[in-house]
Amino acid sequence: MPRVTVVGSANMDLVGLAEHLPRPGETVLGDDFVMTPGGKGANQAIAAARAGGATTFLGAIGSDSFGVTLGSRLAATGVDTTHLRTSYGSSGVAVIMVDRAGENSILVSPGANRTFLDLTEDELACVQGADVLLCQQEIPLATVSAALAAGRAAGTRTILNAAPARELPPGLLDQVDLLVVNETEARAISGGSASDLTALLPLVPRVVLTLSGDGSRYVDRDGRDEHVPAFRVDVADTTAAGDAFCGALAVAWAEGRELLDAVRWANAAGAVCVRKVGASNALPDRSEIEALYAG
Numbered sequence: 001m002p003r004v005t006v007v008g009s010a011n012m013d014l015v016g017l018a019e020h021l022p023r024p025g026e027t028v029l030g031d032d033f034v035m036t037p038g039g040k041g042a043n044q045a046i047a048a049a050r051a052g053g054a055t056t057f058l059g060a061i062g063s064d065s066f067g068v069t070l071g072s073r074l075a076a077t078g079v080d081t082t083h084l085r086t087s088y089g090s091s092g093v094a095v096i097m098v099d100r101a102g103e104n105s106i107l108v109s110p111g112a113n114r115t116f117l118d119l120t121e122d123e124l125a126c127v128q129g130a131d132v133l134l135c136q137q138e139i140p141l142a143t144v145s146a147a148l149a150a151g152r153a154a155g156t157r158t159i160l161n162a163a164p165a166r167e168l169p170p171g172l173l174d175q176v177d178l179l180v181v182n183e184t185e186a187r188a189i190s191g192g193s194a195s196d197l198t199a200l201l202p203l204v205p206r207v208v209l210t211l212s213g214d215g216s217r218y219v220d221r222d223g224r225d226e227h228v229p230a231f232r233v234d235v236a237d238t239t240a241a242g243d244a245f246c247g248a249l250a251v252a253w254a255e256g257r258e259l260l261d262a263v264r265w266a267n268a269a270g271a272v273c274v275r276k277v278g279a280s281n282a283l284p285d286r287s288e289i290e291a292l293y294a295g
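Each step along the sequence shown adds one to the number in the UniProt record's numbering, with nothing skipped, and position 56 is 56.
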């Protein structure tokens, strides 16, 4: 079984659904409300576990009731939480608004995620023993940098999902084997057009650009530049689609799939995810991904 270690955030997602997203100063009467465990790191760990990876999650939860729920959800989905930290105080919280077209706006309060610093020897061993390391940017970037450097030194393949867009410290991208970005994140890193992915290749050897309903684009230093079409499905909520994509991509690459095929398989995972409302509860299992991928 492919071994994936995810270093990242855990949040409780408070999701409100409405006809349209409120504009500044506007109050909108909602259709429904859902509270579900989330956070990019936890979501991607659950996505990887459901996609068939032996997945370990490294992160921090709070000492509140949200933290209890977050830890229980991770463990219940088969994620190894042996090294999950508990920090006194509030867990991370994400306030998410979703309109009837499936588009969303998200505000994240990091809480315990801010305390996830200085990886221990046991945590570093989890990184170094994985086939693939998957990181995001909802935790302190010093921790992300340390994890990526440890993975690179041990020969672990490293993936950075550069979300949310942040100014990156010098040297961080030097430790990344595969960068996953959307158009906003691509512009933030390159300083130019999102369509000019060649501007990112001096920084990282491989890039996947996620394009929502238009699929993905893969480029690398060997000259490949391929559009990978999306799978057509009815969209209910796009909230965790990127996390489903990243978790499945990590598993597929850890299995040894050629990267273009891994991206197509990850596209299928993202497409299955958007058919449901929510975050971790919407992440697909392997059989659902395979059914859409094969169909």
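Glycine is no exception: its CB is placed at the ideal position from the N, C-alpha and C atoms.
(1) Does any residue of chain D have a CB that is nearer than 8 Å to the CB of Pro170?
(2) Looking at the secondary structure, which residues open and close the beta strand (DSSP E) in which Ile96 lies?
(3) For Arg3, which residues of its own chain have a beta-carbon under 6 Å away from its beta-carbon, when the five flanking residues on both sides are left out?
(4) Counting only the same chain and skipping the five closest in sequence on each side, list residues whose C-beta sits under 6 Å from that of His20.
(5) To which residues of the same chain is Leu173 closer than 6 Å at the C-beta, ignoring the five residues directly before and after it?
(6) From the DSSP output, in three-state form, read off Arg3 for me.
(7) By DSSP, does Thr210 sit in helix, in strand, or in coil?
(8) Measuring alpha carbon to alpha carbon, tell me which residue in Asn113, Arg157, Gly270, Ala146 is nearest Leu134.
(9) Beta-carbon separation of Asp237 and Ala282 under 8 Å?
(10) Would you call the CB atoms of Asn11 and Ala76 closer than 8 Å?
(11) Less than 7 Å between C-beta atoms, sequence neighbours within five positions excluded: which residues of the same chain meet that for Asp64?
(12) Glu255 bridges to which residues according to DSSP?
(13) Please identify the residue among Ala18, Arg232, Met35 whose C-alpha is closest to the C-alpha of Asn267.
(14) Please report the Cβ distance between Gly242 and Ala163, rounded to the nearest whole angstrom; I am assuming they are in contact, meaning their Cβ atoms lie under 8 Å.
(15) Check whether the segment 238-257 touches the segment 35-46, counting contact only when three or more Cβ pairs, one atom from each stretch, lie closer than 8 Å.
(16) So the alpha helix (DSSP H) Asn43 belongs to, where does it begin and stop?
(17) Only counting the same chain, and skipping five residues up and downstream in sequence, which positions put a Cβ closer than 7 Å to that of Glu292?
(18) Starting from Glu103, trace the alpha helix (DSSP H) both ways and give me its first and last residue.
(19) If we ignore side chains and look at the alpha-carbon of each, how far apart do Arg152 and Gln128 end up?
(20) Under 6 Å Cβ to Cβ from Met1, same chain only, skipping five residues before and after it: list those, please.
(21) Where Asp220 and His227 are concerned, what is the direct C-alpha to C-alpha distance, given to the nearest angstrom?
By the coordinates alone:
(1) In summary, chain D is missing from the structure at hand, where a single protein chain is found.
(2) 92-98
(3) Ala54, Ala130, Asp131
(4) Asp99
(5) Leu203, Val204
(6) strand
(7) strand
(8) Arg157
(9) yes
(10) no
(11) Ser90, Ser91
(12) Note: Glu255 sits in no beta bridge, so no partner.
(13) Arg232
(14) 7 Å
(15) yes
(16) 40-50
(17) Note on identity: in this sequence residue 292 is Leu, with Glu being the wrong assignment. Taken in chain order, the residues that qualify are Phe231, Ala268, Ala271, Val272.
(18) Neither: Glu103 is in no alpha helix (DSSP H) and is coded neither H nor E.
(19) 8 Å
(20) Ala54
(21) 12 Å
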